[in-house]
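Enquirer: Here our numbering is used: the first residue of the sequence shown is 7, the next is one more, and so on. Backbone N, C-alpha and C define an ideal beta-carbon position, used for all residues, glycine too. Here the structure is a predicted model, which means the values were calculated and not measured.
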Amino acid sequence: MKTETKCLHSGYEPKNGEPRQLPICQSTTFKYDSSDAMGRLFDLEDSGYFYTRLQNPTNDAVAAKIADLEGGVAGMLTSSGQASNFFALFNICETGSHIVASSSIYGGTYNLLGVTMKKMGIDCTFVDQNLSEEELAKAFKPNTRAVFGETITNPTVSVLDIEKFARLAHSHGVPLIVDNTFATPINCRPIEWGADIVTHSTTKYMDGHAIGVGGAIVDSGNFDWLAHSDKYPGLTTPDESYHGIVYAEKFGKLAYITKATSQLMRDLGSIQSPQNAFYLMNGLESLDVRMERHCKNAIAIAKYLKSCDKVEWVDYPDLEDDKYNSLAKKYLPKGSCGVMAFAVKGGREKAVEFMDSLKLITIVTHVADARTCLLHPASHTHRQLTDEQLKESGVAPDLIRLSVGLESVDDLIDDLKQALEKI
Ligand SMILES: *Cc1c(COP(=O)(O)O)cnc(C)c1O
Numbered sequence: 007m008k009t010e011t012k013c014l015h016s017g018y019e020p021k022n023g024e025p026r027q028l029p030i031c032q033s034t035t036f037k038y039d040s041s042d043a044m045g046r047l048f049d050l051e052d053s054g055y056f057y058t059r060l061q062n063p064t065n066d067a068v069a070a071k072i073a074d075l076e077g078g079v080a081g082m083l084t085s086s087g088q089a090s091n092f093f094a095l096f097n098i099c100e101t102g103s104h105i106v107a108s109s110s111i112y113g114g115t116y117n118l119l120g121v122t123m124k125k126m127g128i129d130c131t132f133v134d135q136n137l138s139e140e141e142l143a144k145a146f147k148p149n150t151r152a153v154f155g156e157t158i159t160n161p162t163v164s165v166l167d168i169e170k171f172a173r174l175a176h177s178h179g180v181p182l183i184v185d186n187t188f189a190t191p192i193n194c195r196p197i198e199w200g201a202d203i204v205t206h207s208t209t210k211y212m213d214g215h216a217i218g219v220g221g222a223i224v225d226s227g228n229f230d231w232l233a234h235s236d237k238y239p240g241l242t243t244p245d246e247s248y249h250g251i252v253y254a255e256k257f258g259k260l261a262y263i264t265k266a267t268s269q270l271m272r273d274l275g276s277i278q279s280p281q282n283a284f285y286l287m288n289g290l291e292s293l294d295v296r297m298e299r300h301c302k303n304a305i306a307i308a309k310y311l312k313s314c315d316k317v318e319w320v321d322y323p324d325l326e327d328d329k330y331n332s333l334a335k336k337y338l339p340k341g342s343c344g345v346m347a348f349a350v351k352g353g354r355e356k357a358v359e360f361m362d363s364l365k366l367i368t369i370v371t372h373v374a375d376a377r378t379c380l381l382h383p384a385s386h387t388h389r390q391l392t393d394e395q396l397k398e399s400g401v402a403p404d405l406i407r408l409s410v411g412l413e414s415v416d417d418l419i420d421d422l423k424q425a426l427e428k429i
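(1) Just to confirm my understanding: we take residue 406, look at its own chain, exclude 5 residues before and 5 after, and list those with CB closer than 8 Å. What are they?
(2) State the start and end residues of the unbroken beta strand (DSSP E) segment that holds residue 320.
(3) What is the DSSP secondary structure of residue 385, reduced to helix, strand or coil?
(4) I'd like the ranges of any beta strand (DSSP E) spanning at least 3 consecutive residues and lying wholly in the region 51-91.
(5) Short check: CB of residue 144 to CB of residue 290, under 8 Å?
(6) Give me the residue from 164, 130, 9, 398 with the minimum Cα distance to residue 329.
(7) Return the residue from the list 365, 340, 19, 8 that minimises the CA-CA distance to residue 28.
(8) Reducing DSSP to helix, strand and coil, say where residue 374 ends up.
(9) Is there contact here, the region 181-192 with the region 46-61, by at least three beta-carbon pairs under 8 Å?
(10) I'd like the span of the alpha helix (DSSP H) that includes residue 177, first residue to last.
(11) State the Cα-Cα distance for the pair residue 154 and residue 403, rounded to the nearest angstrom.
(12) In the DSSP assignment, find the unbroken alpha helix (DSSP H) run with residue 47 in it and report its ends.
(13) Mark residue 418 as exposed unless 16 or more other C-beta atoms lie within 10 angstroms of its C-beta, in which case mark it buried.
(14) Suppose the cutoff is 6 Å on Cβ atoms and the five residues either side in sequence are ignored; what does the same chain contact list for residue 454 look like?
(15) Less than 8 Å between the beta carbons of residue 166 and residue 108, yes or no?
(16) Consider the C-beta atom of residue 193 and the heavy atoms of ligand 1; say whether any pair is separated by less than 7 Å.
(17) Measure the alpha-carbon distance for residue 297 versus residue 192 and round it to whole angstroms.
(18) Run the proximity test for residue 162: is its beta-carbon closer than 7 Å to any non-hydrogen atom belonging to ligand 1?
(19) Any chance the CB of residue 141 is under 7 Å from a heavy atom of ligand 1?
(20) Are the beta-carbon atoms of residue 213 and residue 285 separated by less than 8 Å?
(21) Is it right to say residue 278 is buried, meaning 16 or more other beta carbons lie within 10 angstroms of its own, or is it exposed?
(22) Which value, in whole angstroms, describes the spacing of the CA atoms of residue 255 and residue 412?
(23) Looking at residue 91 and ligand 1, is the gap between the Cβ and the nearest heavy atom below 7 Å?
(24) Curious, which full-length alpha helix (DSSP H) runs of at least 4 residues does the region 224-288 contain?
(25) Buried or exposed for residue 15, please, with buried defined as at least 16 other CB atoms from any protein chain shown within 10 angstroms of its CB.
(26) Give the secondary structure of residue 123 by DSSP, where H, G and I count as helix, E and B as strand, and everything else as coil.
(27) Within a Cβ cutoff of 6 Å, which residues of the same chain sit near residue 202, ignoring the five residues on either side of it in sequence?
(28) Helix or strand or just coil, what does DSSP make of residue 307?
(29) DSSP three-state label for residue 15, please.
(30) Taking only heavy atoms of ligand 1 into account, decide whether any of them is closer than 7 Å to the Cβ of residue 88.
(31) Quick one: Cα of residue 388 to Cα of residue 113, how far?
(32) Compute every distance between the C-beta of residue 156 and the non-hydrogen atoms of ligand 2, then say whether any falls below 7 Å.
(33) How should residue 265 be labelled, buried or exposed, when 16 other C-beta atoms within 10 angstroms of its C-beta is the threshold for buried?
Here's what the structure looks like:
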């Protein structure tokens, strides 16, 4: 099936007489006829459902669709994008581990890696993702366990050179994890470029309608944990909490997701609710057509803003003269996403004045919605970061993040125009 078709048909295929639409299994638990049958599930000897904190059929159908869209072997849903990135990393890291991450990543993930995981004894070196391979290699240490980046960074819309990062990760014997939230598998499938694990905040384009917070993790099945068994004891040595199972031996290509589900989800419990998974399924059905329209509207708006006297600069990878245009052409040939960054002349003060003058476009702490919205990271999402950290992550104090929705582009330009006229 092509991607457009997968959006609609993958993950859930009703059999004769079954509901056409994915049923919501709104149940915490599942009934078995014998104690032994249930016991075998707890031993991971049989696969099946027993408690929704670990697995639920509605969630599994949606995870299977996302995994198929990304070209992975297995996937899982989490309660948020934050949970997906934490689980993706914590599944292969422990106290004493080290991560190499792009410094341009989403502010929430920057805090997760730089503050919270640091408290757990997991260190992170943040790197400028545009450095040469030789420069980037200096960030690796003997205890490095993962490399992390975003296909298109939030909010600076920088495009990651995925092949470069995959080569670097693999030459150091560690997997590359890519947060593909902004591109979605419609516009880029990082696994095809060498990424090993892909994560998502499904809250954004996948949901697409600002309904439910959620996340997803997809494993390519390509990373050979056993070949690096000294680095990944959690996957390659017996798990005493499951009678000594060795995930990589027992589950092969499914080891990574099986461990994340049966161990991390069991112990940390960040499952998406089946109801939210159902909403997500509906969002995914139209993902392909929505992404096409988001990109079409966004390039028109980026070009319009560029032509305005009162606009200082515009960053959007699909613009021919954008510094990421060649990477965008390579990795995102169908278009990047609906998000761009720009600044109005006059800095922080004028930015606020401009935003407050908009009528149709709303100020919300959200991005990648069907409705056009914007925010000012320095005074909203990134306000916890110091000026130095802001600079390091490339977020200028005057940067406005504009997330172009699915409205008529004429209405959007009219609104931008009248607000620009007011400043
Ligand atoms: C929003 C976002 C996250 C965090 O996701 P939540 O669903 O808000 O927890 C992670 N990565 C990227 C790129 C995001 O845009």
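Expert: According to the data block:
(1) The count along the sequence shown starts at 1 and reaches residue 406 at position 400. 347, 348, 349, 350, 357, 360, 361, 380, 381, 382.
(2) Here the question's residue 320 lines up with position 314 in the sequence shown. Segment 317-321, the beta strand (DSSP E) holding residue 320.
(3) One-based indexing of the sequence shown puts residue 385 at position 379. Reduced to three states, the DSSP call for residue 385 is coil.
(4) 80-84
(5) Counting from one through the sequence shown, the residue named residue 144 turns up at place 138. Counting from one through the sequence shown, the residue named residue 290 turns up at place 284. Not closer than 8 Å, so no.
(6) Taking the sequence shown and counting its residues from 1, the one referred to as residue 329 is at position 323. The option with the nearest alpha carbon to residue 329 is 164.
(7) In the sequence shown, the residue the question calls residue 28 occupies position 22. Residue 19 is the option with its Cα nearest to residue 28.
(8) The residue labelled residue 374 in the question sits at position 368 within the sequence shown. The answer is coil: DSSP assigns residue 374 none of H, G, I, E or B.
(9) no
(10) Sequence index remark: in the sequence shown, residue 177 carries index 171 (1-based). It spans 168-177 - the alpha helix (DSSP H) in which residue 177 sits, taken as one unbroken run.
(11) Here the question's residue 154 lines up with position 148 in the sequence shown. Here the question's residue 403 lines up with position 397 in the sequence shown. Their Cα atoms are separated by approximately 25 Å.
(12) Walking along the sequence shown from the start, residue 47 turns up at place 41. Looking at the DSSP string, the run of the alpha helix (DSSP H) that includes residue 47 is 41-48.
(13) The count along the sequence shown starts at 1 and reaches residue 418 at position 412. Result: buried.
(14) For residue 454 there is no data in the structure shown, the boundaries of the chain being 7 and 429.
(15) To locate residue 166, count along the sequence shown from 1; it is residue 160. To locate residue 108, count along the sequence shown from 1; it is residue 102. In contact: residue 166 and residue 108 (Cβ atoms closer than 8 Å).
(16) Against the sequence shown, residue 193 aligns to sequence position 187. Incorrect: residue 193 has no Cβ contact closer than 7 Å to ligand 1.
(17) Along the sequence shown, read from residue 1 onward, the residue named residue 297 stands at position 291. Along the sequence shown, read from residue 1 onward, the residue named residue 192 stands at position 186. Computed Cα separation, rounded: 7 Å.
(18) Your numbering for residue 162 matches position 156 in the sequence shown. Checking the Cβ of residue 162 against ligand 1 gives no.
(19) Counting from one through the sequence shown, the residue named residue 141 turns up at place 135. No.
(20) One-based indexing of the sequence shown puts residue 213 at position 207. One-based indexing of the sequence shown puts residue 285 at position 279. Contact flag set, yes.
(21) Within the sequence shown, the letter at position 272 stands for residue 278. When all chains shown are included, residue 278 counts as buried.
(22) The residue given as residue 255 occupies position 249 in the sequence shown. The residue given as residue 412 occupies position 406 in the sequence shown. Going from the Cα of residue 255 to the Cα of residue 412 covers about 47 Å.
(23) Position 85 of the sequence shown, counting from 1, holds the residue named residue 91. At least one heavy atom of ligand 1 is nearer than 7 Å to the Cβ of residue 91, so yes.
(24) 239-242, 253-257, 261-265
(25) Translated into the one-based positions of the sequence shown, residue 15 becomes position 9. By the 10 Å Cβ count, residue 15 comes out exposed.
(26) Here residue 123 is taken as the residue at index 117 of the sequence shown, counted from 1. In this structure, residue 123 counts as helix in the three-state DSSP scheme.
(27) Walking along the sequence shown from the start, residue 202 turns up at place 196. Cβ neighbours of residue 202 beyond the five flanking positions: 181, 182, 226, 228, 229.
(28) Mapped onto the sequence shown, residue 307 falls at position 301. Three-state DSSP puts residue 307 in a helix.
(29) What you label residue 15 is simply residue 9 of the sequence shown in a count that begins at 1. Residue 15 falls in the helix class under three-state DSSP.
(30) For the purposes of this step, residue 88 is identified with residue 82 of the sequence shown, where counting begins at 1. Because some heavy atom of ligand 1 lies under 7 Å away, the Cβ of residue 88 counts as near it: yes.
(31) Counted from its first residue, the sequence shown places residue 388 at position 382. Counted from its first residue, the sequence shown places residue 113 at position 107. Answer to the nearest angstrom: the Cα atoms are 6 Å apart.
(32) Annotation note on ligand 2: not contained in the displayed structure, which lists ligand 1 as its ligands.
(33) For the purposes of this step, residue 265 is identified with residue 259 of the sequence shown, where counting begins at 1. So residue 265 counts as buried.
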